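Working notes, structure below.
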Amino acid sequence: MVHADRGRNAIRDRARAARPDELRNIPWLDALSAFERRRTEAALVVGEADPGDLVCRIGGSPTYWFGVVEGLLKMSNDNADGTSMTYSGLPPGGWFGEGTAMKREPYRYNIQALRRSVVAGLPIDDFHWLLDHSIGFNRFVMNQLNERLGQFIAAREADRQNNPDVRVARNLAALFNPVLFPGVGELLRITQQELAYLIGLSRQRVNEALRTLEAQGMIQVEYGGLRVLDLAALRSSAIAPNSISSSSSSQDSKQ
Numbered sequence: 010m011v012h013a014d015r016g017r018n019a020i021r022d023r024a025r026a027a028r029p030d031e032l033r034n035i036p037w038l039d040a041l042s043a044f045e046r047r048r049t050e051a052a053l054v055v056g057e058a059d060p061g062d063l064v065c066r067i068g069g070s071p072t073y074w075f076g077v078v079e080g081l082l083k084m085s086n087d088n089a090d091g092t093s094m095t096y097s098g099l100p101p102g103g104w105f106g107e108g109t110a111m112k113r114e115p116y117r118y119n120i121q122a123l124r125r126s127v128v129a130g131l132p133i134d135d136f137h138w139l140l141d142h143s144i145g146f147n148r149f150v151m152n153q154l155n156e157r158l159g160q161f162i163a164a165r166e167a168d169r170q171n172n173p174d175v176r177v178a179r180n181l182a183a184l185f186n187p188v189l190f191p192g193v194g195e196l197l198r199i200t201q202q203e204l205a206y207l208i209g210l211s212r213q214r215v216n217e218a219l220r221t222l223e224a225q226g227m228i229q230v231e232y233g234g235l236r237v238l239d240l241a242a243l244r245s246s247a248i249a250p251n252s253i254s255s256s257s258s259s260q261d262s263k264q
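Numbering (this note's numbering), first residue to last: 10 to 264.
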């Protein structure tokens, strides 16, 4: 279970230089020139975040642009009634907060570790240096922003349908996004309880939806994770609830 914030910042309190194997898991480094890459690799730091640690806090000033090397984070906000609303999960390969870093404005969300994670950080001044000097980096950031906009539109559509199966499908499709989260590949390391935290459903309801998606050949539930078998179908089901419910009804009629 995720614990309450213990007042620690994974990067600031436990920063160290990035190892070569960790640098290889940072996708946008390949978009840089040799000089830009050497300069950037020297500036990058990483830190370990334990479950419950806050990497970013609402109202805090951005000092780094962050990315997930290993593990799983979540982006959320606090409601007036004290509850939390989760916007997105952040699996390996995902970099986030570029809009906040570009504007140098306070965070409007919390980023919290769901499991033990390795988080990389690029100092915000180096982030802006790359924006000023690197065409390849600018293309990467534009692709990030464009892809997030697409996810936002898909999320709003799924929310309007108020269908739990669609919510599970939409969240899985987002977590398997190869542009935003290239470190995931075909196997997402996540437990059903962690997925339930991200979606805001009970573990039992998430399990039901996963069984339905597995029966349709979209995913395969494995020990400690989920394997995507048909990403295109998973994305389609996230905006077409009948493609899920019809299968569920068919299964029920056979029982």
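Don't be surprised by glycine CBs; every beta carbon is placed ideally from N, CA and C.
Here the structure is a predicted model, which is why all the values come from computation and not from measurement.
Quick check on this structure: which residue in the options has the alpha carbon closest to the alpha carbon of residue i?
i: T103; options: V188, N119, R33 and G159; result: Note that residue 103 corresponds to Gly in the displayed sequence, not to Thr. Cα-wise, what sits closest to G103 is V188.
i: A51; options: G130, M84, I67 and S70; result: G130
i: P233; options: Q225, A205, L197 and A218; result: It should be noted that the sequence gives Gly, not Pro, for residue 233. Comparing Cα-Cα distances from G233 to each of Q225, A205, L197 and A218, the minimum goes to L197.
i: A26; options: P36, V55 and W37; result: V55
i: K112; options: F149, P100, Y73 and V128; result: Y73
i: G98; options: P115, Y116 and R124; result: R124
i: Y116; options: V64, W138 and P132; result: V64
i: Q202; options: G194, F105 and R212; result: R212
i: H137; options: V128, D87 and P71; result: P71
i: G69; options: D39, Y118, S93 and T92; result: Y118
i: G209; options: A24, T92, E156 and D22; result: T92
i: D59; options: L53, V215 and E79; result: E79
i: P36; options: A24, G194 and I228; result: G194
i: E231; options: V215, I199, D135 and L240; result: I199
i: D22; options: V128, R214 and L140; result: V128
i: L38; options: A24, Y96 and L139; result: L139
Cα separation between residue i and residue j?
i: A242; j: E223; result: 12 angstroms
i: S245; j: R48; result: 42 angstroms
i: A163; j: A178; result: 11 angstroms
i: A89; j: G61; result: 21 angstroms
i: N147; j: T109; result: 15 angstroms
i: I67; j: G76; result: 18 angstroms
i: P235; j: K83; result: In the sequence on display, residue 235 carries Leu and not Pro. C-alpha separation (whole angstroms): 18 angstroms.
i: P173; j: L158; result: 22 angstroms
i: L207; j: G226; result: 23 angstroms
i: P217; j: A205; result: At residue 217 the sequence reads Glu, which differs from the Pro that was named. When rounded, the distance between both Cα atoms is 12 angstroms.
i: P101; j: E31; result: 11 angstroms
i: N152; j: E107; result: 11 angstroms
i: S42; j: P132; result: 19 angstroms
i: R46; j: P191; result: 19 angstroms
i: S85; j: A183; result: 15 angstroms
i: F105; j: R165; result: 20 angstroms
i: L219; j: L181; result: 10 angstroms
i: A24; j: N186; result: 28 angstroms
i: D239; j: I228; result: 7 angstroms
i: D87; j: E156; result: 25 angstroms
Go ahead and label residue i buried or exposed: buried means 16 or more other beta carbons lie within 10 angstroms of its beta carbon, across all protein chains shown.
i: N34; result: buried
i: R176; result: buried
i: I120; result: buried
i: F44; result: exposed
i: I144; result: exposed
i: L154; result: exposed
i: R28; result: exposed
i: S126; result: buried
i: Q264; result: Unreliable placement is indicated for Q264, whose pLDDT of 43 sits below 50; the coordinate value is still reported in the next sentence. Counting Cβ neighbours within 10 Å, Q264 comes out exposed, since fewer than 16 surround it.
i: N171; result: exposed
i: F161; result: exposed
i: T221; result: buried
i: V237; result: buried
If you measure from the beta carbon of residue i to each beta carbon in chain D, is any gap under 9 angstroms?
i: V54; result: Among the chains of the structure shown, chain D does not appear; only one protein chain is present.
Strictly by DSSP, which residues pair up with residue i?
i: A89; result: Its beta-bridge partners do not exist; DSSP assigns none.
i: R220; result: DSSP output for R220 lists no bridge partner at all.
i: R245; result: In the sequence as displayed, the identity of residue 245 is Ser instead of Arg. Answer is none; S245 lacks a bridge partner.
i: Q229; result: R236
i: G76; result: W104 and A129
i: A122; result: L82
i: S97; result: M84
Q) At what residue ranges does the stretch 130-213 contain a whole run of the alpha helix (DSSP H), taking only runs of 4 or more? A) 133-142, 144-170, 173-184 and 201-208
Q.
What ranges does the alpha helix (DSSP H) occupy inside the stretch 11-68, keeping only unbroken runs of at least 4 residues that lie completely in it?
A. 19-23, 29-32 and 43-52
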